[in-house]
Amino acid sequence: MPELPEVETIRRGLEPVLPGRRISKVTINFPKMTVSHTGRALAEEIDGQAYTQVRRLGKILILDLECTTLLIRLGMTGQLTFRDPQKSDDKAFAIHPITGLQRAVQHAPDKHTHIVIEHSDETMLCYRDVRRFGHWIAYDRDKAEQAPELLALGPDPLACPDLLESHLLKALAKTSRNIKTVLLDQSIICGLGNIYADEALFGSHICPSRPASSLTPSEIAALAAFIPPMLLTSIANRGTTFSDYRDSSGQPGSNQNCLQVYGRYGQECYRCGTVLEKCTLGGRTTTWCPHCQQ
72 MPELPEVETI RRGLEPVLPG RRISKVTINF PKMTVSHTGR ALAEEIDGQA
122 YTQVRRLGKI LILDLECTTL LIRLGMTGQL TFRDPQKSDD KAFAIHPITG
172 LQRAVQHAPD KHTHIVIEHS DETMLCYRDV RRFGHWIAYD RDKAEQAPEL
222 LALGPDPLAC PDLLESHLLK ALAKTSRNIK TVLLDQSIIC GLGNIYADEA
272 LFGSHICPSR PASSLTPSEI AALAAFIPPM LLTSIANRGT TFSDYRDSSG
322 QPGSNQNCLQ VYGRYGQECY RCGTVLEKCT LGGRTTTWCP HCQQ
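In terms of the working numbering, the sequence shown opens at residue 72 and continues consecutively.
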């Protein structure tokens with residue numbers, strides 16, 4: 072599932088190209104993917120409006136239009152790409168026959184492209200989602216900040232990095248749930264998923280199965296200090312791609328080459344050489360080093 076770095080990478084790609092463009096046609100091929108709180112169907116609501124801003128909170132991408140705000144959850148396999156008719160197009164993400172590397176080509180709409188927003192200059196915003204777990208939610212713009220989907224979220228670690236330590240000191244003291252599950256709880260801190268929770272706990276030397284309330288102030292300080300730069304590094308690497316994630320231009324990320332523990336159970340720890348272990352916490356497979364994380 073795209074996490075904060077992946078959604079932020081998409082946001083940064085869309086920010087230079089969407090604001091000012093006007094929507095001329097909206098095609099929704101899977102209506103169950105959309106929810107409108109505006110009183111009208113989503114396609115009817117946004118047709119004719121221009122984008123004004125592209126934002127993000129946690130894993131939610133936020134598109135502000137003139138009268139409407141769209142909250143977009145990418146789910147497990149959602150891909151949101153900007154399609155320019157002046158650039159090359161393909162029905163699949165192509166693999167170079169010699170190097171084996173993926174070429175940066177646009178993805179032509181196919182049977183998995185469930186939402187297509189056409190603009191007056193013939194560019195498009197295409198939403199492709201193989202497993203169809205994503206959601207588009209429309210609110211009147213003046214009511215969007217009170218949307219339950221946003222109010223339920225805890226602090227965004229990149230929006231308030233200086234306050235993260237004090238927030239975690241209070242939040243973790245109140246729960247005996249294991250720290251991995253707590254980091255996945257979007258009401259505690261928003262944006263982290265399975266990948267970056269594993270990486271954050273490894274980077275701060277904390278065993279993922281420990282009760283959150285057992286963490287010492289120094290351990291919480293280490294965790295709070297590690298999370299923002301970890302996320303910024305992944306954003307610099309344009310996110311983590313194992314299968315479906317692509318940025319707004321259809322390119323895969325490269326941060327998967329920098330992960331220390333996630334998905335590497337059974338292999339040696341890069342830091343100490345101990346074989347990495349795995350278990351299930353909060354319903355998610357968790358990988359950690361039994362030597363480095365206490």
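Here a beta-carbon is modelled for each residue, glycine too, at the ideal position from N, C-alpha and C.
- By the Cβ criterion, the region 324-342 is not in contact with the region 248-256, since fewer than three pairs of Cβ atoms, one from each stretch, lie closer than 8 Å.
- Relative to the Cα of Asp315, the nearest Cα in the group Glu115, His183, Gly262, Leu142 belongs to His183.
- CA-CA distance, Met195 to Val187, rounds to 7 Å.
- The three-state secondary structure of Thr194, taken from DSSP, is coil.
- Taking the Cβ atoms as the reference, Glu270 lies roughly 26 Å from Leu221, outside the contact range of under 8 Å.
- For the pair Gly129 and Cys261, the CB atoms are nearer than the 8 Å cut-off.
- DSSP lists Thr358 as the bridge partner or partners of Lys349.
- Within the region 220-275, complete alpha helix (DSSP H) segments of at least 4 residues are found at 235-243, 250-255, 265-274, given in chain order.
- Looking at the DSSP output, Ala283 bridges to nothing.
- DSSP lists Gly149 as the beta-bridge partner residues of Asp200.
- Inclusion of Thr148 and Asp181 in the CB contact set at 8 Å is not warranted, their separation being larger than that value.
- Looking at the backbone, the Cα of Leu132 and that of Ser275 are separated by about 28 Å.
- A distance below 8 Å separates the beta carbons of Thr357 and Pro279.
- Under the three-state reduction of DSSP, Leu302 is assigned to helix.
- Counting every other CB atom within 10 Å of its CB across the protein chains shown gives Phe313 a total below 16, marking it as exposed.
- Linking Tyr122 to Arg92 through their CA atoms gives a straight-line distance of about 6 Å.
- Listed in chain order, the non-local C-beta contacts of Ala293 below 6 Å within the same chain comprise Ser275, local neighbours out to five positions each way being set aside.
- The alpha-carbon separation between Asn265 and Arg127 amounts to approximately 19 Å.
- Between the C-alpha atoms of Ala268 and Ala223 there is a straight-line separation of about 19 Å.
- Inclusion of Thr152 and Ser305 in the CB contact set at 8 Å is not warranted, their separation being larger than that value.
- The residues Ser284, in chain order, have a CB closer than 8 Å to that of Lys245 in the same chain once the five nearest residues on each side in sequence are set aside.
- By the 16-neighbour rule on beta-carbons within 10 angstroms, Asp233 is exposed.
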